[in-house]
Amino acid sequence: MSGNPFVLTDPIPKFPSKVDSPSRKENVNEVVLICTWAKDEPYQEVIESANYLKDESVLIRITGRPPKSIKKEKIPDNVSLEGFISSIDYHNLLMEADLIVDLTTRDDCLVCGAYESVAAGTPCVVSSSAINREIFDEGFIFTENDAQSIAFAIRSGLNRKKELSEEIKAFRQKYTLIFSQKIDDLISRIF
Numbered sequence: 322m323s324g325n326p327f328v329l330t331d332p333i334p335k336f337p338s339k340v341d342s343p344s345r346k347e348n349v350n351e352v353v354l355i356c357t358w359a360k361d362e363p364y365q366e367v368i369e370s371a372n373y374l375k376d377e378s379v380l381i382r383i384t385g386r387p388p389k390s391i392k393k394e395k396i397p398d399n400v401s402l403e404g405f406i407s408s409i410d411y412h413n414l415l416m417e418a419d420l421i422v423d424l425t426t427r428d429d430c431l432v433c434g435a436y437e438s439v440a441a442g443t444p445c446v447v448s449s450s451a452i453n454r455e456i457f458d459e460g461f462i463f464t465e466n467d468a469q470s471i472a473f474a475i476r477s478g479l480n481r482k483k484e485l486s487e488e489i490k491a492f493r494q495k496y497t498l499i500f501s502q503k504i505d506d507l508i509s510r511i512f
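322 is the number of the first residue of the sequence shown in the working numbering; add one for each residue after it.
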């Protein structure tokens, strides 16, 4: 038996219009770590990376409800544990961020946060895997999953924010067109 495989990556989600929110701090570069606190997410390394960024007006806001063990650990002053927030607040957080981070230790995983960053129009740092480099070729910074590399990637992303913001908008248009063509191809294979 043989088959003809077809790979369809995720679509870019649709975000509602931004609602004004008082959560943004002035004169601070806000970086959002999209986190479910799963075992494949190097969140501890991101928390440690904040120590390398203490003197650079960077606040790392981490989404998701952290496990109790995290609350007991010493969290740097430039890290904010957001906990569970509403969908509207989550979308606003991503759209207001200067940079998004979504990392995994899994080599063949396309993280949902990368697609969400495209929807938000916000540059993103993702793990340096072959699949991420293949799919997310504009508007993204790639990093190894150790604290020092993550801090370097955050710094680089913030320094290149304007350029990366333009790239991610171009990526959204290109990806949307490619995705639509793949859907058409899939439909033609079925019917």
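Virtual Cβ for every residue (Gly too), placed ideally from N, Cα, C.
**OP:** Answer with buried or exposed for V349, where buried requires no fewer than 16 other C-beta atoms within 10 angstroms of its C-beta.
**Re:** Position 28 of the sequence shown holds residue 349. Burial call: exposed.
**OP:** Determine the DSSP secondary structure at G434, reduced to helix, strand or coil.
**Re:** In the sequence shown, counting from the first residue as 1, residue 434 sits at position 113. DSSP places G434 in helix when its eight states are reduced to three.
**OP:** Starting from D463, trace the beta strand (DSSP E) both ways and give me its first and last residue.
**Re:** In the sequence shown, residue 463 corresponds to position 142, counting from 1. This sequence places Phe at residue 463; Asp is not what is there. F461 to T464 is the extent of the beta strand (DSSP E) around F463.
Subject >> alpha helix (DSSP H) segment containing R481, residue limits >> reply: What you label residue 481 is simply residue 160 of the sequence shown in a count that begins at 1. Taken as a continuous stretch (DSSP letters only), R481 belongs to no alpha helix (DSSP H), as it is neither H nor E.
Original post:
Would you call the segment 454-463 and the segment 481-498 in contact, with 3 or more CB pairs under 8 Å?
Top reply: Flag = yes, the segment 454-463 and the segment 481-498 touch.
Subject >> Helix, strand or coil at L329 according to DSSP, with G and I counted as helix >> reply: Taking the first residue of the sequence shown as position 1, residue 329 is located at position 8. Here L329 sits in coil by DSSP.
Original post:
Anyone know if the C-beta pair for S370 and I475 falls short of 9 Å?
Top reply: Here residue 370 refers to the residue found at position 49 of the sequence shown. Here residue 475 refers to the residue found at position 154 of the sequence shown. Cβ distance < 9 Å, so S370 and I475 count as in contact.
**OP:** With a 10 Å radius around its C-beta and 16 neighbouring C-beta atoms as the bar for buried, classify F512 as buried or exposed.
**Re:** Your numbering for residue 512 matches position 191 in the sequence shown. The residue is exposed, with fewer than 16 neighbouring Cβ atoms inside 10 Å.
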